[in-house]
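Undergrad: If you're matching positions, the sequence shown starts at 42 in this note's numbering and goes up one per residue.
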Amino acid sequence: MKLKISIYTRLVFWITLLICLLFGAVLFVIQIREARILRDETEARALLQARYMADANLQNLSRQDWQAVQKYVDGHIAGDLIYIVVYDRAGQPAVWNTLVRSHDELASGSLLGDAMTPEETASETKTLVLGGETLRVLEVEAPSFAQAAGRWGSVKIGLSLEPMYARLREIQKVLLLIGVGGFLLGIAGAAFLARRITRPLHRLVDGTVRIANGDFSQAIVNTSRDEVGDLARSFSEMTAQLLQARQRMEEANRCLVQHEKLASIGRMAATIAHEIRNPLTSVKLNIQKVAEEESFAETVKAHLGLSLEGIDQIERFIKELLNFTRVQELLLERWPVGQIVEESLKMIRGTLDQKKIAVEKACAADLPPVLADADKLRQVFLNVLRNAHEALDAGGKITIGCDTVAEGGRTMVRVRIADNGPGIKDKDRPNIFEPFYTTKPSGFGLGLANARKIVEQHNGTIGVGKKRGRGSAFVILIPAEEAK
Ligand SMILES: Nc1ncnc2c1ncn2[C@@H]1O[C@H](COP(=O)(O)OP(=O)(O)O)[C@@H](O)[C@H]1O
Ligand SMILES: [Mg+2]
């Protein structure tokens, strides 16, 4: 299995490593420079000391006053200056301090050899074991030089380098501390930086996981103005489109189910209608005939009348059912919508007048025509008007308006039919276009279902809006015939 390493961990690792390398390199260079400076300083000091001692003993050497030289040597051993050897004119060791006595290899041989100029000096680094301790020592030798007589001898000093190394170790310790501090700061900084970089990514991942689980309710919030922000934005756009596609799919699915339902109802209805219609007609004719019989009592005649009414209702239901279920090709022609509305109104005018229902109609004169099956569209308006009539009490009012609206880049002709009746209850609102949904005792619940079927066949929509105050308002949109 491949190990999963998060971007956060990788960022922290690489940034820390980079900081460490950088810091390490800088500290290393500082350390080398410090060491060199210390060493140069020590060497210069040793040389100065050797020269000074050589000059100071020039007179003693020229007089070969070894006692005075010995006194000088013993008096000057101190601190890191651990030994002094004074050589005579022939380069042979003449005077030294007590330490050298037990290490005669320190005295033997002058470093200068035959050099005969006053500037000539020599130095050498040695390792010395003293009382079980290993010491690093810097030896420097300078000549005692008199202008006239030349070299009278030389002085060699041994300077312990241990104090210098001790200081160097101290410097290294401080540098190491700085290094550790820098490392810790580096990790903290890297963690902070990595978090800043990965936080928008985390949010993006959370968002995508949520969407993958089907929750489209929240967009991915990301305000960063970088690539992650761009990604979040395009992802949100994609989500929105996905949501739209899903809604379209659900709508299409609903249509399909509806279509299937209608088709099966249609088949059933056709069979039932066929089976019932003929016997029903003969029953109706026979009852009519019997009812004409003069000798029947009035009560019998009243019963027969009720039966005929019942049969009428069954016939109307069958007619409406067949109307709704029959799938027919539309006979499309160019029609001014205003005219179709007017014709529908004319057909129901008488009924409306009986109830003293006023109609107010305002249609724009320059409406574009629609491609429609006039018979069917008339049925739509008639069904809506009939419902308004049924909802209104005597003296009610129906308002009709027609105009155009732009929707989805198309021009639609809009017909609005409103009434000031009791309106539609919220619980009924989602269902009124469903077939067989009715709130009326003798309703069939097919009027609006049929209207929607026809409107959708015309690529239009029908909906019901909430009216301010009382009543309901139906809005029908039919695409306008575009002028070519
Ligand atoms: N103008 C209206 N005012 C109040 N309710 C209405 C109106 N139009 C339709 N409805 C409601 O919608 C339901 C369905 O109407 P419809 O499909 O025509 O069937 P039906 O008229 O046979 O009941 C009605 O039962 C009624 O509740
Ligand atoms: Mg109706």
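Every residue, glycine too, gets a C-beta built ideally from N, C-alpha and C.
How is the alpha helix (DSSP H) around Asp17 delimited, first residue to last?
TA: No answer is possible for residue 17: it lies beyond the span of the chain, which begins at 42 and ends at 525.
Undergrad: My assumption, with CB atoms under 8 Å, is that Lys438 sits in contact with Asn461. Please give the rounded CB distance.
TA: 5 Å between Cβ atoms; contact.
Undergrad: Can you determine whether any heavy atom of ligand 2 sits closer than 7 Å to the C-beta of Arg427, and answer yes or no?
TA: Arg427: yes, Cβ under 7 Å from ligand 2.
Undergrad: Using alpha carbons as the reference points, say which of Leu153, Glu203, Ala187, Gly154 lies closest to Glu174.
TA: Cα-wise, what sits closest to Glu174 is Glu203.
Undergrad: Indicate the three-state DSSP secondary structure (helix, strand or coil) for Arg367 in the structure shown.
TA: It is coil, neither helix nor strand.
Undergrad: Is Ala399 near ligand 1, with its Cβ less than 7 Å from a heavy atom?
TA: It does not: the Cβ of Ala399 is nowhere closer than 7 Å to a heavy atom of ligand 1.
Undergrad: Could you spell out the range, first to last residue, of the alpha helix (DSSP H) harbouring Glu401?
TA: No alpha helix (DSSP H) holds Glu401; the beta strand (DSSP E) holding it covers 399 to 404.
Undergrad: With a threshold of 6 Å on Cβ separation, who are the neighbours of Met94 within its own chain once the five nearest residues in sequence on each side are excluded?
TA: Cβ neighbours of Met94 beyond the five flanking positions: Val196.
Undergrad: Closest to Glu278 by CA distance: which of Met290, Val262, Arg289 is it?
TA: Of Met290, Val262, Arg289, the residue nearest in Cα terms is Val262.
Undergrad: Three-state secondary structure (DSSP) at Glu475?
TA: Coil at Glu475, not helix or strand.
Undergrad: Can you give me the Cβ contacts of Ala399 inside the same chain, cut-off strictly under 6 Å, excluding the 5 residues immediately before and after it?
TA: Same-chain partners within the cutoff: Lys438.
Undergrad: Quick check: what's the CA-CA separation for Val246 versus Leu284?
TA: Those two C-alpha atoms are separated by around 19 Å.
Undergrad: Using alpha carbons as the reference points, say which of Lys360, Lys468, Gln259 lies closest to Thr13.
TA: The requested residue 13 is not part of the displayed model; the chain covers only 42 to 525.
Undergrad: With DSSP collapsed to three states, give me the class of Pro184.
TA: The answer is strand: DSSP assigns Pro184 an E or B state.
Undergrad: Note down the Cα distance separating Gln354 from Phe257, rounded to an integer number of angstroms.
TA: C-alpha separation (whole angstroms): 49 Å.
Undergrad: Is Ala447 helix, strand or coil by DSSP?
TA: Residue state, collapsed to three classes: strand.
Undergrad: Measuring CB to CB, does Pro476 end up less than 8 Å from Ala490?
TA: A contact, by the Cβ cut-off of 8 Å.
Undergrad: Can you tell me which residues form a DSSP beta bridge with Lys167?
TA: Answer is Val178, bridged to Lys167.
Undergrad: Pull the bridge partners of Gly191 from the DSSP assignment, please.
TA: DSSP, once it has assigned bridges, lists Ala187 as partnering Gly191.
Undergrad: What's the C-alpha gap between Gly222 and Arg77?
TA: Their backbone Cα atoms lie some 25 Å apart in a straight line.
Undergrad: Check this for me: beta carbons of Thr480 and Asp467, under 8 Å apart or not?
TA: Contact: no.
Undergrad: Smallest Cα separation from Ala131: which of Leu153, Ile118, Leu122, Gly120?
TA: With distances taken between Cα atoms, Ala131 lies closest to Leu153.
Undergrad: Using a threshold of 8 Å, state whether the C-beta atoms of Ile359 and Ala314 are closer than that.
TA: Result yes, Cβ atoms of Ile359 and Ala314 sit closer than 8 Å.
Undergrad: How about Asn484: is its Cβ closer than 7 Å to a heavy atom in ligand 2?
TA: One point to set straight first is that residue 484 is Gly, not Asn, in the sequence displayed. It does: the Cβ of Gly484 is within 7 Å (strictly closer) of some heavy atom of ligand 2.
Undergrad: Return yes when at least one heavy atom of ligand 1 lies under 7 Å from the C-beta of Ser513, else no.
TA: Yes, since a heavy atom of ligand 1 falls inside the 7 Å radius drawn around the Cβ of Ser513.
Undergrad: Classify Ser149 as helix, strand or coil using the three-state DSSP reduction.
TA: Coil.
Undergrad: State the beta-bridge partners of Asp96 as determined by DSSP.
TA: Beta-bridge pairing links Asp96 to no other residue.
Undergrad: Ile228 and Thr57: beta carbons closer than 8 Å?
TA: The answer is yes: Cβ separation under 8 Å.
Undergrad: State the DSSP-derived secondary structure class of Phe515, mapped to helix, strand or coil.
TA: Note: Phe515 maps to strand in three-state DSSP.
Undergrad: Please determine whether the Cβ atom of Leu487 lies at a distance below 7 Å from any heavy atom of ligand 1.
TA: Checking the Cβ of Leu487 against ligand 1 gives yes.
Undergrad: According to the neighbour-count rule (16 or more other Cβ atoms, all chains shown, within 10 Å of its Cβ), is Asn319 buried or exposed?
TA: Result: exposed.
Undergrad: Relative to ligand 1, is the shortest distance from any of its heavy atoms to the C-beta of Gly391 smaller than 7 Å?
TA: Every heavy atom of ligand 1 is 7 Å or more from the Cβ of Gly391, so no.
Undergrad: Please determine, among Asp81, Phe485, Ile212, Phe186, the residue with the shortest C-alpha to C-alpha distance to Ser164.
TA: Minimum Cα distance to Ser164 is reached at Asp81.
Undergrad: Closer than 7 Å by C-beta to Val378: which residues in its own chain qualify, once you throw out the five before and the five after it? Chain order, please.
TA: Correct list, in chain order: Leu408, Val411, Cys443, Val454, Val456, Ile519.
Undergrad: Kindly indicate which residue of Ala293, Lys330, Val446, Ala207 has the alpha-carbon position closest to the one of Ala405.
TA: Selected option, being the one with the closest Cα: Val446.
Undergrad: In angstroms with no decimal places, state the Cα-to-Cα distance between Arg451 and Met388.
TA: Cα-Cα distance, rounded: 31 Å.
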